[in-house]
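Data first, discussion second: the structure below is written as structure tokens.
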Amino acid sequence: MEVAMDLKNTNTKTIEDLPQELMNLVFDNLKSPEDLKNAWNTCILWNGILNERRKEFLLPNILPHLQAYLSKSDIYNCRMVSKSWKEGFDSFLRTTKSRTFMTSISSFDDFQKFSSVMRHPEEGSPFPSGRFMFGQLLRDRFYEEMAESESNQLYRMFPLLASKFGNHIYQLIYIFGGSCSVSPHQILAIPKYLLNLRDLMFVEELGGTAHPESITEIIEGFPTEGLNMKKLITFGCFITCGVPVMKAILKQYGSQLEQLNCFGSCLNAETFSDNQLSNLKILKVWRCNFFLFSYNYSILSGLSLKVLKIEFHDDFIEEGKMERLMNALPKSIINLVLRYLHDSRPDTVLNENFEDLQPCPNLKCLTISSRFLNNHEVLTKFLLKLGGGIEHLKFSCQSYIVDFHRDLNSCYANWVAKVLFEKCPRLQSIEFQKPSNPDFLYNSEVKIHRISRSNAGASNAMCNT
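Numbering (UniProt numbering), first residue to last: 1 to 465.
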């Protein structure tokens, strides 16, 4: 039944005519975080009324990431904020099978609280998991910015902290503040005191930009001999125009690295020359321009990679160029991820005939753009051309807010899965995933739907009914 409403009729009342007291009663019936979020985004009026309840729909979005910012004890203390936070954290802790909490100091106030531990180091390591994040974290409307003077105070404290507890830190995420002065003395505390470091990551201030000139000067001051972090096997560089930073680190530690994570702007052809990454097994590149490979498709061929992930942000890649790149990739790759950044054009750029595509005999897991799903015949031909040995196929959706049943045709996806299982006998599972936010910091994707060979027929039958 359809109901017509004459909005010009002055006797007609809408929800906007209700007093705010009644609007609050109406919105009190919204319990789902997703419903709250949708209502909050509807209009300025609803936004203002629901502003006090913002934490209820923010909570499900920030919970998966809080472990990177808070210690285990702080996670449990968050349960005392409110009833909704207690319910959310209890559910979160129950459904999380394995936890490795990261200690975080992101303000001078955090450091002052931490100073009591520094006065009594005999009580043991303040980093129970050996994972530590230092520096300014976020800048957006949900978080307050730190004053510049406090930022400078915070960064000056890092050498003292490193000298006291450096041997207890195995993973360090160092976030450069764009608005404060970071001196070479502060950064040199890393190779001087963190001699047991296995995983090092440099990140620009999230939501801001660290000055590349000053960072280059600081990183190039790393000692070229002695004080060597001999256990370092993973390095991440998420700094815009970070080529000099990457060059300085790889010059000394490149031959011992097994995993490298970075922005595409941190790489150039020289990065992979001189056999300086001879032990590299995992390479993950975010925000990469195809121009990096345009003049040398075999730039990665000399590496013995097992896992390769490249996230392209190009608006368009000419037909045939992706095949040339894939043909030049190391045949040792077991897990290959080729996807697009969320704001780039996600069109399939592979030649539909695949005449020039060579098999990848060792490839077991492949992640590609979800747009491949639009043409299952092309997708089937593509998988078979790669050798038919793929056991796990993953579709990467671009947005981190996508929902499988809401934004994708689940019946069509299940039907395509059934076809693929029939054509590709080694294929065992098909998974749909979206990036976490920010993806590069957490180095993980969020699974939103999975179809296995055993339940493909049942899922298709349910769609038919």
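By construction, the Cβ of each residue, glycine as well, lies at the ideal position given by its N, Cα and C atoms.
- For T380, the enclosing alpha helix (DSSP H) covers residues H376 to K385.
- If you look at K434, you'll find it in the beta strand (DSSP E) that goes S429 to P435.
- The Cβ neighbour count for M80, taken over all protein chains shown within 10 Å, is under 16; the residue is labelled exposed.
- Within 10 angstroms of the beta-carbon of P191 lie 16 or more other beta-carbons, which makes it buried.
- Note on geometry: alpha-carbon atoms of I448 and N455 lie some 16 Å from one another.
- Listed as beta-bridge partners of M201 by DSSP are I173 and G236.
- Taking one beta carbon from each stretch, the segment 314–327 and the segment 259–268 have fewer than 3 pairs nearer than 8 Å; the two do not touch.
- The residues A328, L329 and P330, in chain order, have a CB closer than 8 Å to that of S301 in the same chain once the five nearest residues on each side in sequence are set aside.
- In this model, L232 and S255 are separated by some 10 Å (Cα to Cα).
- Going by DSSP, N327 is part of the alpha helix (DSSP H) stretching over K321 to A328.
- Here the alpha carbon of K364 sits roughly 23 Å from the alpha carbon of K321.
- Nearest to P159 by C-alpha distance, out of M118, S129 and Q276, is M118.
- With a cutoff of 9 Å on beta-carbon distance, A413 and F404 are scored as near each other.
- In summary, I44 is exposed, with fewer than 16 beta-carbon neighbours lying within 10 Å of its beta-carbon over all protein chains present.
- Distance from the CA of K113 to the CA of T234, rounded to the nearest whole angstrom, comes to 30 Å.
- A check of alpha carbon separations from S278 across K306, Y295, R287 and N296 identifies K306 as the nearest.
- With respect to L303, F272 sits close: the two C-beta atoms are nearer than 9 Å.
- Taking C-beta atoms as the reference points, S396 and E445 count as a pair closer than 9 Å.
- Bounds of any alpha helix (DSSP H) do not take in Q398, whose DSSP letter is neither H nor E.
- For Q433, the closest alpha carbon among the candidates Q398, Y442 and M246 is that of Q398.
- In the DSSP assignment, C411 falls within the alpha helix (DSSP H) that extends over S410 to K423.
- About 23 Å separates the beta carbon of W286 from that of D407, a gap too long to meet the 8 Å contact definition.
- Per DSSP, H449 lies in no alpha helix (DSSP H); the unbroken beta strand (DSSP E) holding it starts and ends at E445 to S452.
- For K281, the closest C-alpha among the options N335, H392, W415 and T367 is that of N335.
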